[in-house]
Each structure stands twice: as structure tokens, then as C-alpha cells.
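Presented below is the structure to which this report refers.
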Amino acid sequence: MLARPAPLTIRGVYSTLRKIALEKGSGSGARRQGLVLSLLRSAREEETRFIVRMLVQNLRVGANWRSVIGALGRAAALHHAKDGLPTKKQLEIAEAATVEAFHLCPSLDVLVPVLLETGPSELGSVCTLRPGVPVKPMLAKAAEGITDALSAMGTTGGAVLGEYKYDGQRAQIHVTNERKVSIFSRNGENRTDSFPDVAEVILEASVGGATSFIVDAELVAIDRANGNRLKAFQELSTRARGAVTSAEITVEVAIFVFDILIADGQPVIEKTLRERRKILQQALPLLAPGRIELARCLEVNTQAKANISVGQIPAIDNRASVQPKDETAEAVLQEFLLTSFADGAEGLMLKQLDAGGYQPSKRSESWLKVKRDYCEGLRDSLDLVPIGGWHGNGRKAKWLSPFLLAAWDPVNEEFQSVCRVMSGFTDQFYAEATERLGRRHRIDGPKPYYVTGECCSVWFEPAEVWEIRGADLTISPVHKAARGHLHPEKGVSMRFPRFIRVRDDKRPQDASTPEVIVDLFNRQTRKVDTRGAPAAQALGNLNSSSGAAQEDLVEDGAEDDGESAFEDDSDSEPGDEACGQET
DNA sequence: CGTGTCTGCCC
DNA sequence: ATTCTGC
DNA sequence: GCAGAATGGGCAGACACG
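Sequence positions in the first sequence follow full-length UniProt numbering and run 1 to 583.
So this is what it looks like as C-alpha cells:
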């Protein structure tokens with residue numbers, strides 16, 4: 001027997017991880033394997049699990065950044081305790097202060113020296129908002145509709161701002177006193193180099209306004225040649241990720257600003273939204289349609305029918321920005337919501353105007369988002385057939401997850417995949433579905449009439465129908481629903497799919513069809529332009545698009561009659577080897 | 001050098 | 001992003 | 001009510017491999 005390897009040390013593991021990360025070039029795969037193997041050979045007991053999880057996925061072992069930062073604060077408090085151990089209360093204060101400091105100034109380079117040298121008590125004076133260091137952005141909670149949102153805002157209610165929720169990419173834009181611009185993503189990534197156009201525009205817009213500032217905004221792909229129509233998120237995401245020059249930019253964006261955190265060096269996050277909006281306007285006096293605008297918005301009074309005069313909240317154009325007299329806030333916002341859809345936005349944000357400040361990193365009740373797919377009566381769903389799945393990981397290891405869902409094409413008599421789904425299932429449902437589909441309806445390989453770019457590790461017979469809801473439909477290189485209708489090979493898929501319920505009343509041949517899917521796709525206001533695609537034969541409605549005044553549609557429920565005879569032919573294929581193997 | 005696969009980041 | 005579960 | 005976990009579509013870019 002060989003000698004047991006030396007135990008792992010933190011330094012040793014760290015250095016091996018670095019080696020793995022830096023390894024590249026021909027044969028790097030094998031060398032990486034060797035390094036992983038050496039780690040695992042030295043691991044003892046629980047260490048194996050930590051190492052494996054660290055390597056396969058972001059160390060999901062019950063400790064995220066927030067917990068680690070909090071623990072760091074506690075450790076610092078212990079380290080600096082003067083007389084005896086700190087009380088539980090003192091530790092909690094240290095933790096909260098550290099987490100708070102990290103939200104305002106999420107930089108370990110700033111945080112750790114302060115903790116080491118002086119302890120958590122001094123964090124407040126050092127870890128402050130500062131242009132150049134990204135702040136954790138404030139987030140919103142989902143509301144199931146205008147009514148729901150207004151009641152969630154509760155009695156503090158009064159003035160509420162309804163604001164377009166644009167379907168783009170969050171951007172926190174910083175300008176320093178030296179007029180140096182930095183642009184951060186929602187996750188605090190520095191994206192400055194991929195948005196030189198945004199940097200230019202923000203500098204121009206702030207001439208005569210604030211010198212240094214931090215504003216919160218959404219960047220949206222825009223069609224300048226076509227009345228500044230908003231484009232789909234999918235278009236935005238084709239922009240280069242790395243450094244580009246303005247001349248190389250292929251997808252133009254508009255900046256929709258909606259908040260401000262610092263103006264001329266002064267933090268304004270403690271001020272109310274109404275005040276911040278005013279400051280925002282002053283900071284950016286030179287707005288330009290299609291390039292930089294204030295997020296379109298509308299102020300309402302929730303206490304009663306509007307009979308007060310409001311109107312300090314600016315809209316970018318001459319649309320009414322104020323609730324008309326004699327209409328309820330609810331009715332006005334409901335209409336505004338529909339207008340936002342027609343304009344190509346995702347829905348509305350509802351924000352309390354006169355209560356509370358900007359709360360970095362909080363998913364607060366004072367910001368609520370209302371999207372089409374949250375709203376009863378506005379949302380669409382598809383009825384799809386589970387045709388395969390994979391073995392789950394972590395807490396879902398004993399079940400199948402995700403599942404692959406397909407639409408039924410009665411013309412070609414095939415099931416065409418639409419999306420994977422892993423959200424919306426209860427644990428109990430997983431257990432039952434794993435048993436039902438993974439055992440009783442399991443087959444050795446995909447049926448010849450299954451069409452998908454996916455390779456499931458487990459395949460089922462078409463046995464049942466599930467209602468699946470999503471935000472909108474996309475053009476997919478992987479999924480094949482309605483292929484040939486909008487694009488020669490690409491199919492249609494769904495953004496943010498989740499399971500709603502089993503449709504006991506439907507058989508697989510009653511599932512949603514290409515016809516339904518193409519129709520839903522074409523009725524979307526924002527969608528990827530497929531017209532350039534060669535030979536998209538289009539069912540004569542390729543050009544319907546735009547406008548969408550008559551938005552409202554509820555698919556689901558009584559659909560077509562799906563008469564096509566889909567027989568369970570007996571030739572169940574053996575497994576197909578073309579598929580890569582599962583994990 | 002071209003293709004296929006994986007990663008990391010948006011939502 | 002969305003959702004469910006456990007504290 | 002919050003934290004944590006498990007994963008959705010889809011893109012560009014990095015990389016390995018032939």
C-alpha cells in the first residue's frame with residue numbers, strides 16, 4: 001500500500017486551483033485532469049465534497065457571498081475585541097455593518113484592510129459610495145398585476161410612479177470628477193470597454209449638469225432607422241462582449257436612465273425617489289431621443305381619484321405624465337401597462353415616490369415589477385409534452401430534472417422540442433414524475449419522430465401534457481418547434497419557462513402546434529427579426545408584426561382539435577449513440 | 001485555420 | 001431570470 | 001420574509017483538437 005498523501009492545505013489547494021485555471025494549450029485537458037486527480041487523492045472526508053463542488057459549480061455548499069462577508073465582519077469584531085469576547089449583539093452589529101459596507105463598496109481591496117486595521121466600526125467612513133466602484137443595484141419584487149402591486153405597496157401608498165420596464169441590460173454608469181466613465185452590469189462587472197457609445201452619450205448629456213455622478217439605467221437595443229423602436233433583448237445580446245471602438249458597434253443602444261445615487265460627489269440614496277428624479281434631471285440636462293432618455297413614466301395618486309395636481313415627474317416627450325382627474329390610479333396604470341407592451345417594453349415598475357431611499361442590493365417592497373407573464377389574463381402558456389429528461393444534481397439528485405418539453409406538429413407528425421423546464425415543480429411532483437415518466441414510460445432512446453437538438457439521458461414515450469408558461473418566445477438554434485416556419489432550421493423556444501400544471505384533459509396529440517406557436521411569436525411586439533433568414537416560408541403572416549394595439553390574447557384552453565392520428569408505432573428505437581453521455 | 005464544445009455573462 | 005423549500 | 005439551491009434561453013468568446 002502506498003503512503004497516504006499529505007493532507008491538503010489551504011495554500012496548496014489554492015495554488016493547485018490556480019494552476020488548473022491557468023493551464024492551457026494543447027493537452028491542457030489531460031494536465032488539468034491530473035491536477036484535479038491530485039487534489040482528490042489528497043482529500044479526506046468532507047474535503048472531497050467541497051473540492052468537487054468548487055470545481056463543478058460555484059461552491060454551492062450553503063454559503064454565498066453575503067454569508068461570507070458577514071462572517072468576515074464577525075471575525076474582525078472578534079479580532080479587535082478589547083475586553084473579553086464581544087456580545088452576540090456586537091457580533092450582529094459587526095456583521096450588518098460589514099454587509100452594508102460591502103453593498104456600498106463591494107471591493108475586498110477596500111474592505112479587508114479596514115477590517116484588519118481598525119475593525120468593523122470604521123467601515124462606515126471608508127466604504128462609501130464612490131464613482132468608480134460599483135454599488136449593488138436595488139432590485140424589485142414581482143407583483144401579479146397592477147392591483148396586486150398597489151395593495152402590496154400598502155397604506156404608505158400616496159404617490160406612486162409607474163415606469164417602463166425596458167427589456168435590455170441594467171447598467172450603472174459612473175462618471176468621476178475627472179470625467180472618466182465606468183459602466184457596470186447588474187452583477188458589478190465592468191463593461192466600460194464594450195460600451196464606448198454609451199460613455200460618449202453620457203458625457204454629452206451631462207454637460208452643464210453634474211460633473212461626477214452614478215446613475216442607474218437600462219441599455220436597450222434600438223432601431224434608429226425606424227422611429228426608435230425598441231428591439232428584442234436577443235438583438236442586444238449579439239453585441240460584442242469585449243473591447244470595441246465606437247466605429248465597430250453593430251447594435252445601437254439607447255440609455256434609459258431612471259435613478260441617481262450620487263450627484264457631484266454627494267450621495268443621494270437617502271433621498272426620496274421624487275427628489276432623486278429631480279436631481280437626475282438636473283444632472284443630465286441634454287437628453288436626446290433614441291440615445292439617452294428618462295425612463296418613460298407616469299405619476300399617480302393611489303389615495304383617491306386624482307384631484308391633486310402633480311406633475312413634477314418629467315416624461316421625455318409630450319405624453320401626459322400625470323394621472324387624469326376622475327380616474328383611479330389603478331385604471332390609469334392598467335392602461336399604461338398596455339401602452340408599455342405596445343411600445344415594446346416588458347411591463348412596468350411601480351415605485352413609491354415619497355417613501356424611502358435607494359436601497360442597494362435590496363429587493364424591496366418599494367419597487368415592484370409587473371410583467372405580462374405575471375398577469376392573469378395577459379399571459380400566454382403552451383401545452384407541451386415531456387419527452388425526455390436528465391438526472392438532477394444536488395438536492396434534486398434523486399429525481400429527473402430538468403425535463404425536455406415538446407410541441408406536436410400534426411403535419412409532419414413529430415414532436416419538436418421547445419425548452420427544458422426545471423422550475424415550478426414541487427418536490428412531490430418530482431418524485432411522482434420521476435417514477436411515472438422515468439420508469440413506466442421510459443424508452444431506450446428517442447423516437448424517430450422526436451426532433452430536437454438536445455440529448456437527454458432519459459427518454460419517455462409521449463404520455464402527458466404539461467402547461468408551461470414563459471415570458472416570451474425566442475428563435476432557437478437548439479429547439480425545433482415550428483422549424484421551417486420562421487427560419488429554415490431554427491425553431492422557437494421560450495424565455496423563462498416554468499411548469500404550471502398537468503393538463504389531464506389533454507393527450508399528447510392535443511399539445512400546442514406550430515401554428516399556435518408561430519401565431520404567438522408574430523403577435524409579440526419585440527421579436528428577433530427573422531426576415532433576413534433565407535427561405536423562411538412564413539405562413540403568409542411574416543409581416544404582421546409591430547403595432548400590437550390589440551395585444552390581449554390568451555392561448556391555452558380550448559385549442560384546435562388536433563385530429564391527426566398519431567399512433568404509437570411499435571418500433572421503439574434502441575438508444576442513439578450520437579448523443580454525448582450524461583454525467 | 002476551421003469546427004465543435006465549454007464558459008461566463010446577460011436576462 | 002423563476003421557483004420551491006427550509007429556517 | 002429571506003437565503004439558498006437548482007437550473008431556464010441564448011449569445012460571444014475562449015479554447016481544444018484535428
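Using N, Cα and C, we set each Cβ at its ideal position, and we do this for glycine too. Computed from a predicted structure; not experimentally measured.
Counting C-beta neighbours from all protein chains within 10 Å, is the total for residue i 16 or more, i.e. buried, or is it exposed?
i: Pro-285; result: exposed
i: Tyr-14; result: exposed
i: His-79; result: exposed
i: Leu-437; result: buried
i: Trp-459; result: buried
i: Val-68; result: exposed
i: Ser-476; result: buried
i: Glu-218; result: buried
i: Ser-381; result: buried
i: Ala-243; result: exposed
Along the alpha helix (DSSP H) that carries residue i, what are the first and last residues, could you check?
i: Ser-151; result: 146-153
i: Thr-98; result: 88-104
i: Arg-395; result: From DSSP, Arg-395 is part of no alpha helix (DSSP H); its letter is neither H nor E.
i: Val-300; result: Per DSSP, Val-300 belongs to no alpha helix (DSSP H); it is in the beta strand (DSSP E), 297-301.
i: Ser-476; result: No alpha helix (DSSP H) contains Ser-476, which is instead part of the beta strand (DSSP E) from 473-476.
i: Asp-519; result: 514-523
i: Ala-71; result: 65-80
i: Val-114; result: 108-117
i: Gly-124; result: 123-126
How far does the beta strand (DSSP E) with residue i in it extend, from its first residue to its last?
i: Asp-383; result: 381-391
i: Leu-486; result: Taken as a continuous stretch (DSSP letters only), Leu-486 belongs to no beta strand (DSSP E), as it is neither H nor E.
i: Gln-352; result: 347-352
i: Ile-279; result: Segment 273-283 is the alpha helix (DSSP H) holding Ile-279; no beta strand (DSSP E) there.
i: residue 600; result: Any question about residue 600 goes unanswered here, given that the chain covers just 1 to 583.
i: Ile-269; result: Neither: Ile-269 is in no beta strand (DSSP E) and is coded neither H nor E.
i: Phe-341; result: Here Phe-341 belongs to no beta strand (DSSP E); instead the alpha helix (DSSP H) covers 329-342.
i: Ser-493; result: 491-494
i: Asp-223; result: 213-223
i: residue 584; result: This structure cannot settle anything about residue 584, because the visible part of the chain is limited to 1 through 583.
i: Gln-234; result: Counting along the chain, Gln-234 falls outside any beta strand (DSSP E), though it belongs to the alpha helix (DSSP H) covering 233-236.
i: Asp-373; result: Neither: Asp-373 is in no beta strand (DSSP E) and is coded neither H nor E.
i: Lys-527; result: Neither: Lys-527 is in no beta strand (DSSP E) and is coded neither H nor E.
i: Tyr-164; result: 159-165
Rounded to a whole number of angstroms, what is the C-alpha to C-alpha distance between residue i and residue j?
i: Ala-205; j: Ile-269; result: 21 Å
i: Arg-41; j: Val-52; result: 12 Å
i: Ala-43; j: Pro-7; result: 7 Å
i: Arg-224; j: Glu-252; result: 8 Å
i: Pro-5; j: Gln-33; result: 18 Å
i: Val-370; j: Ala-30; result: 49 Å
i: Gly-162; j: Ala-143; result: 13 Å
i: Glu-178; j: Ser-212; result: 8 Å
i: Ala-482; j: Glu-330; result: 38 Å
i: Leu-35; j: Asp-193; result: 34 Å
i: Ile-468; j: Val-516; result: 14 Å
i: Ser-457; j: Glu-414; result: 20 Å
i: Ile-20; j: Thr-48; result: 17 Å
i: Ala-355; j: Pro-514; result: 48 Å
i: Ala-3; j: Thr-176; result: 59 Å
i: Ala-283; j: Pro-267; result: 13 Å
i: Ala-96; j: Glu-489; result: 53 Å
i: Ala-276; j: Pro-497; result: Before going further, note that residue 276 is Arg rather than Ala in the sequence given. The straight-line gap from Cα to Cα measures roughly 36 Å.
i: Asp-166; j: Gly-84; result: Rather than Asp, the amino acid found at residue 166 in this sequence is Tyr. About 54 Å.
i: Gln-550; j: Phe-341; result: The predicted model places Gln-550 with a pLDDT of 31, which falls under 50 and marks its position as unreliable; any figure quoted below should be read in that light. Straight-line Cα distance between these residues: approximately 11 Å.
Would you say residue i and residue j are within 8 Å of each other, going by their C-beta atoms?
i: Val-160; j: Thr-339; result: no
i: Glu-200; j: Phe-256; result: no
i: Glu-464; j: Pro-386; result: yes
i: Ser-423; j: Ala-406; result: no
i: Thr-98; j: Leu-123; result: yes
i: Gln-359; j: Met-494; result: no
i: Leu-368; j: Ala-149; result: yes
i: Asp-197; j: Ile-249; result: yes
i: Val-173; j: Val-215; result: First, the residue type needs correcting, since residue 173 is Ile and not Val in the sequence shown. Going by C-beta atoms, Ile-173 is nearer than 8 Å to Val-215.
i: Gly-357; j: Thr-272; result: yes
i: Glu-235; j: Val-528; result: yes
i: Thr-530; j: Leu-473; result: no
i: Ala-345; j: Trp-408; result: no
i: Pro-120; j: Gly-73; result: yes
i: Leu-230; j: Arg-523; result: no
Along the chain, which unbroken stretches of the alpha helix (DSSP H) at least 4 residues long are found entirely within the stretch 421-459?
You should have 427-435.
What residue ranges within the stretch 177-218 form continuous beta strand (DSSP E) runs of no fewer than 3 residues, ordered along the chain?
Segments of the beta strand (DSSP E) lying fully in the stretch 177-218: 181-184.
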